[in-house]
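Trainee: In this note's numbering, the protein residues as written are 788 to 1306.
Let me give you the structure first, and then I'll get to my questions.
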Ligand SMILES: Cc1ncc(COP(=O)(O)O)c(C=O)c1O
Ligand SMILES: *[C@@H]1O[C@H](CO)[C@@H](O)[C@H](O)[C@H]1NC(C)=O
Ligand SMILES: *[C@@H]1O[C@H](CO)[C@@H](O)[C@H](O)[C@H]1NC(C)=O
């Protein structure tokens, strides 16, 4: 006989006995008694790391403590450092990272959604080989001259975009790309105001210009910024005011219920009303544009109702604005079903910005727009020393080849969907997993105190689970305003075996956490 139940709370009674308070449809609320040992055997499913035949080089730099000291003394004190004992990583192979002691980790955060095709995989070997070849040929000549790789690259890149998105500006970072997108939108429309999401908002960069679009208090500084940036309600169908049981484009829907009939989405209509309200009350009749990520990154894979972007784009265009899709995290096949995130919303933006995965970790980014918008930006000069340098262009080209040749978009879809459905089972089992969402290998797991309140799980508890995962060899990211969402956005070369390992480790980390917090 098998029994499914949700674990609400564990109570340690003695060293060897544990009570588990469960909610089960067949037993109502009940307390089960386990012997600790039995529990360990039944729950801490042995998570065995999938094999890897690569051995890292010996670490030969400074001792750990000395590295820590230099980081504290000579690097920005505002750096974000993960984990109580920060990781000192030394080498990478495919989806694996090795620390200074040779410990192996499954990397499900990919250097913040950046290692797109993996490190030193067959695919990556091609990327590395392309970079090495170019290193020996020509590192740099600015784009005032022609060099072959820039033409070769933009031809390949634009072939992947729908008309009329055919003009590429190459930059060095995502912030720089979004800066340029805003600037172009303002020049083209001759309007000023930009709409972006509030409420545990979007992240579009930390440059003085883009900071206005980034709605996360911890990145703000007490200086004037964000002129003309107007925030609007985030259509978050899990935590927001409205949401239901079939709002989003994901194999996993929220736990919220709704009675919408097929083809209707009450939540979408309410959120569009709010969007329209921002347009009527916060900005002039004519605006410069609207920026959104197709699925939010830093905010933990928040997905909007299916029709939201399509309707929002229409309202923005009615007011003369252009629509910018920030594909910095969602691009290059990560969402599985499509190469670009905007395609999953059935829209064609006027401007698309790319970074992170575009270079598998090489610093490069891009803005792609229509020739009409580009021409309006050609009245005066625009220059960028490193943008489109030969190294970036050959790397970018090799990344596109790797995605195509190794079927990484398809792999994102298959492994991502599998992983989403497996994590959804954990959500049904554990009271503290509020939501599992995403598409392809862009996955969020939002943690709550309990499902009824949807209150965020306190940050100390999040940290404990996060540390537990790391201790078992699994690196995952965190996001959301309360840091309440785990982010899984691995290199797109991961396998189902890796996914199984991740699910088992996460399960064991939760079990350990429940035991540790038991009263
Ligand atoms: C969606 C999104 N846009 C833009 C950026 C900014 O990119 P960069 O850090 O390369 O400036 C980021 C970075 O995290 C991002 O996640
Ligand atoms: C948006 O608001 C305007 C003005 O209040 C109204 O006329 C229009 O019908 C609204 N559109 C939508 C889609 O709600
Ligand atoms: C969330 O994490 C960020 C970065 O670590 C930190 O600055 C912020 O204070 C955290 N928020 C909460 C509510 O803990």
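We put the beta carbon where it would ideally sit given N, CA and C, even for glycine.
Keep in mind the model is a prediction, meaning the values are calculated, not measured.
(1) Is residue 1120 near residue 1046, with beta carbons less than 9 Å apart?
(2) I'd like to know if the segment 1158-1177 and the segment 1225-1233 are in contact, where contact means that at least 3 CB-CB pairs between them fall below 8 Å.
(3) Tell me whether residue 847 sits in a helix, a strand or coil according to DSSP, three-state version.
(4) Any chance the CB of residue 972 is under 8 Å from a heavy atom of ligand 1?
(5) Would the beta-carbon of residue 1067 be found less than 8 Å away from any heavy atom of ligand 2?
(6) Note down, in chain order, each residue of its chain lying with its Cβ closer than 8 Å to the Cβ of residue 1257, except the 5 sequence neighbours on either side.
(7) What did DSSP end up calling residue 749 once you bin it into helix, strand or coil?
(8) Thinking C-alpha only, which one of 941, 931, 1050 and 1163 is nearest residue 1187?
(9) Below 8 Å on the Cβ atoms is my contact criterion, and I expect residue 976 with residue 1108 to pass it. Report the Cβ-Cβ distance as a whole number of Å.
(10) Quickly, what does DSSP pair residue 956 with across the bridge? List them, please.
(11) May I ask whether a heavy atom of ligand 2 can be found less than 8 Å away from the beta carbon of residue 1055?
(12) Is residue 1269 a contact residue of ligand 3, with contact defined as CB to any heavy atom under 8 Å?
(13) Does the Cβ of residue 868 have 16 or more other Cβ atoms within 10 Å, making it buried, or fewer, making it exposed?
(14) On a Cα-Cα basis, can you pick out the residue from 1235, 1297, 947 and 969 that is closest to residue 1196?
(15) Does DSSP put residue 816 in a helix, in a strand, or in coil?
(16) Beta carbon of residue 982: closer than 8 Å to some heavy atom of ligand 2?
(17) Residues bridged to residue 892 by DSSP?
(18) Just verifying my parser: in three-state terms, what is the DSSP assignment at residue 1115?
(19) Please name the residue, chosen from 1080, 1039, 1020 and 1079, that lies closest to residue 1056 on a Cα-to-Cα basis.
(20) Can you tell me the Cα-Cα spacing of residue 850 and residue 888, whole angstroms?
(21) Return the CA-CA distance between residue 1111 and residue 995, expressed in angstroms with no decimal places.
(22) How should residue 924 be labelled, buried or exposed, when 16 other C-beta atoms within 10 angstroms of its C-beta is the threshold for buried?
(23) For residue 1005, is the beta carbon positioned less than 8 Å from some heavy atom of ligand 3?
(24) Report buried or exposed for residue 866, applying the criterion of at least 16 other Cβ atoms within 10 angstroms of its Cβ.
(25) Return helix, strand or coil for residue 1013, following the three-state DSSP convention.
(26) For a quick check, are the C-beta atoms of residue 1206 and residue 1289 less than 9 Å apart?
(27) Could you check the C-alpha separation between residue 1296 and residue 1208 for me, to the nearest Å?
(28) Round the Cβ separation of residue 904 and residue 1278 to the nearest angstrom and send it over; I've been treating them as touching at under 8 Å.
(29) Let's see if you can read the secondary structure: which residues bound the beta strand (DSSP E) around residue 1097?
(30) Taking just the CA atoms, how far does residue 1054 sit from residue 939?
(31) Taking 7 Å as the limit between beta carbons, can you name the residues of its chain near residue 967, skipping five residues before and five after?
(32) Tell me the residue span of the alpha helix (DSSP H) that contains residue 1062.
(33) Leaving aside the five residues before and after residue 1150 along the sequence, list all residues of the same chain whose C-beta is less than 7 Å from its C-beta, in chain order.
(34) Among 1126, 1098 and 1117, which has the Cα closest to the Cα of residue 1081?
(35) Comparing alpha-carbon positions, which option in 1085, 969 and 912 lies nearest residue 898?
(36) Run through the segment 914-967 for me and flag every whole alpha helix (DSSP H) of 4 or more residues, listed as ranges in chain order.
Mentor: With the structure as the only source:
(1) no
(2) no
(3) coil
(4) no
(5) yes
(6) 870, 874 and 892
(7) The chain is shown from 788 up to 1306; residue 749 falls before or after that span and cannot be answered.
(8) 941
(9) 6 Å
(10) 1154
(11) no
(12) yes
(13) exposed
(14) 947
(15) Confidence is the limiting factor: at residue 816 the pLDDT is only 48, short of 50, which leaves the residue's position unreliable and the question unanswerable from this model.
(16) no
(17) 884
(18) coil
(19) 1020
(20) 10 Å
(21) 18 Å
(22) exposed
(23) yes
(24) exposed
(25) coil
(26) yes
(27) 19 Å
(28) 7 Å
(29) Counting along the chain, residue 1097 falls outside any beta strand (DSSP E), though it belongs to the alpha helix (DSSP H) covering 1095-1105.
(30) 45 Å
(31) 956, 958 and 1154
(32) 1053-1068
(33) 959 and 960
(34) 1117
(35) 1085
(36) 935-945
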